[in-house]
Each structure stands twice: as C-alpha cells, then as structure tokens.
Amino acid sequence: MQTVDSASGPRVDPILDIVVEMLDTEGYEAVQLREVARRARVSLATIYKRYPTRDELIVAALEGWMDANRYARLPSLIEDLPGDSIYVDLMHVMRTIFEPWESHPLMLRSYFQARSGPGGKRLIQRGVDAVVPVAKAILAQADPGFAKDLELILPGVVYGFLTRFAQGEIDVTEIVPGIERTVFWLTAAQG
Numbered sequence: 001m002q003t004v005d006s007a008s009g010p011r012v013d014p015i016l017d018i019v020v021e022m023l024d025t026e027g028y029e030a031v032q033l034r035e036v037a038r039r040a041r042v043s044l045a046t047i048y049k050r051y052p053t054r055d056e057l058i059v060a061a062l063e064g065w066m067d068a069n070r071y072a073r074l075p076s077l078i079e080d081l082p083g084d085s086i087y088v089d090l091m092h093v094m095r096t097i098f099e100p101w102e103s104h105p106l107m108l109r110s111y112f113q114a115r116s117g118p119g120g121k122r123l124i125q126r127g128v129d130a131v132v133p134v135a136k137a138i139l140a141q142a143d144p145g146f147a148k149d150l151e152l153i154l155p156g157v158v159y160g161f162l163t164r165f166a167q168g169e170i171d172v173t174e175i176v177p178g179i180e181r182t183v184f185w186l187t188a189a190q191g
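Numbering of the sequence shown is given in full-length UniProt numbering, commencing with residue 1 and proceeding in unit increments.
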C-alpha cells in the first residue's frame, strides 16, 4: 500500500499492506491489532500512534485498496468513454468500479461492513468524490429530469445488490450483471 509522503514522494506502508492482505484473504473479523503488529513487525504503540482505532486502520487500508483497484482509472475514463450511448458509457464506468470486487469478494464484504461503522462515511464520500465527475459527464447528454432520476435510482439499486451479496443472498458475480440489466432497462428509451 502506498501512502504519500510530501518530502520524498510515495512510500510503502507495511501496516496497511498487512491489513489489506488480511481483509482480502481472511475477512474483516480477522483484523486484530496484535496480529497486524506481529505480521508487520511493529509494536502496538506504533499502530495506535498512526491509527487510533481498529476501525480507522481498516478504513485506511480499504481507502488505499479502493483508490488503487476501483477508482484509479475513473478520471481518465471521461476522455475514453465510447460515447455510443448513455447505457454503454454508464456500464463502462460500472464495470470499472465493480469488476475488481469479483476477484476480491472478502474485500467487498469488508468494505460493506466498514462503511456501516466508524469512518464509514469517509469511505462513502471517497466513492462519491471519485464517481460523480464521471457520472455527471455521461449524464450531461441526457434530459435533466432523466439524469436526476438516474442519480436517485442507481445508487439505491447498487446498494441493494451490495446488501444482498453481504447477506449471502447472491454471489459476487451477480452484481455487475444485475446492475447491467437495470441500467439497460432504465436507459432503453433514452439511447
């Protein structure tokens, strides 16, 4: 996991790397501070100085992972969108955001659990900040009323799929196809 150190550029944070690995392979509950300290070969005091709570540590690790795996390509998508239709462009963005979860289902469960806890609003806001500029660029070609409706409906649908996955009702690989069907039917009349 890279963090930014203004004096010397990016640097690796072994503590966050360990937490990401634990979240990805063992899940949210596996992240215990003593075990993180042991694996990172640092003291508990070092962890507590940098991350006052377990929740802060998990949120920081998830933010870094999401920035690298989900949001990194979003700014460049504005220039690279096919422009064929609202449907094609929205699905291009949705796949960029959600397909990484298919290879990392425990990370998605961890994200979903962390977003409901302390610091979770920060995770949500980070996602909003990353996605909104691209979504606005796509929806600029739509009728304003339709765009406003999509901005209301799509987050609810996405949250519903994430909730169903987190509760074990659907497989992680059902999320993107479900979103795709929703986007298709919502945009079918708009082109």
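Glycine included, every Cβ here is placed at the ideal spot set by N, Cα and C.
Cβ neighbours of residue i in the same chain (closer than 7 Å, five flanking residues each side left out)
{"i": "residue 14", "result": "40"}
{"i": "residue 30", "result": "22"}
{"i": "residue 150", "result": "139, 186"}
{"i": "residue 146", "result": "190"}
C-beta contact flag for residue i and residue j at 8 Å
{"i": "residue 23", "j": "residue 110", "result": "yes"}
{"i": "residue 123", "j": "residue 135", "result": "no"}
{"i": "residue 61", "j": "residue 16", "result": "yes"}
{"i": "residue 70", "j": "residue 105", "result": "no"}
{"i": "residue 184", "j": "residue 87", "result": "yes"}
{"i": "residue 126", "j": "residue 63", "result": "yes"}
{"i": "residue 158", "j": "residue 119", "result": "no"}
{"i": "residue 92", "j": "residue 81", "result": "yes"}
{"i": "residue 36", "j": "residue 19", "result": "yes"}
{"i": "residue 170", "j": "residue 98", "result": "no"}
{"i": "residue 138", "j": "residue 67", "result": "no"}
{"i": "residue 94", "j": "residue 42", "result": "no"}
Spatial neighbours of residue i in its chain, beta-carbon cut-off 6 Å, leaving aside the 5 residues before and after
{"i": "residue 102", "result": "172, 173"}
{"i": "residue 107", "result": "23, 24"}
Exposure of residue i, with buried meaning 16 or more beta-carbon neighbours within 10 Å
{"i": "residue 153", "result": "exposed"}
{"i": "residue 112", "result": "buried"}
{"i": "residue 65", "result": "buried"}
{"i": "residue 187", "result": "buried"}
{"i": "residue 12", "result": "exposed"}
{"i": "residue 217", "result": "With the chain covering only 1 through 191, there is no way to say anything about residue 217."}
{"i": "residue 96", "result": "buried"}
8 Å CB neighbourhood of residue i in its chain, flanking five on each side removed
{"i": "residue 143", "result": "190"}
Check your understanding: Enumerated in chain order, which unbroken segments of the alpha helix (DSSP H) with a length of 4 residues or greater are wholly contained in the segment 96-157?
Key -> Counting whole runs of 4 or more residues, the segment 96-157 contains the alpha helix (DSSP H) stretches 105-115, 120-139.
Review point. Along the chain, which unbroken stretches of the alpha helix (DSSP H) at least 4 residues long are found entirely within the segment 12-48?
Key: With a minimum length of 4 residues, the continuous alpha helix (DSSP H) runs that stay inside the segment 12-48 are 14-25, 33-40.
Exercise for review: Any chance you could list the alpha helix (DSSP H) runs of at least 4 consecutive residues sitting entirely within the segment 163-189, in chain order?
Suggested key: Segments of the alpha helix (DSSP H) lying fully in the segment 163-189: 175-187.
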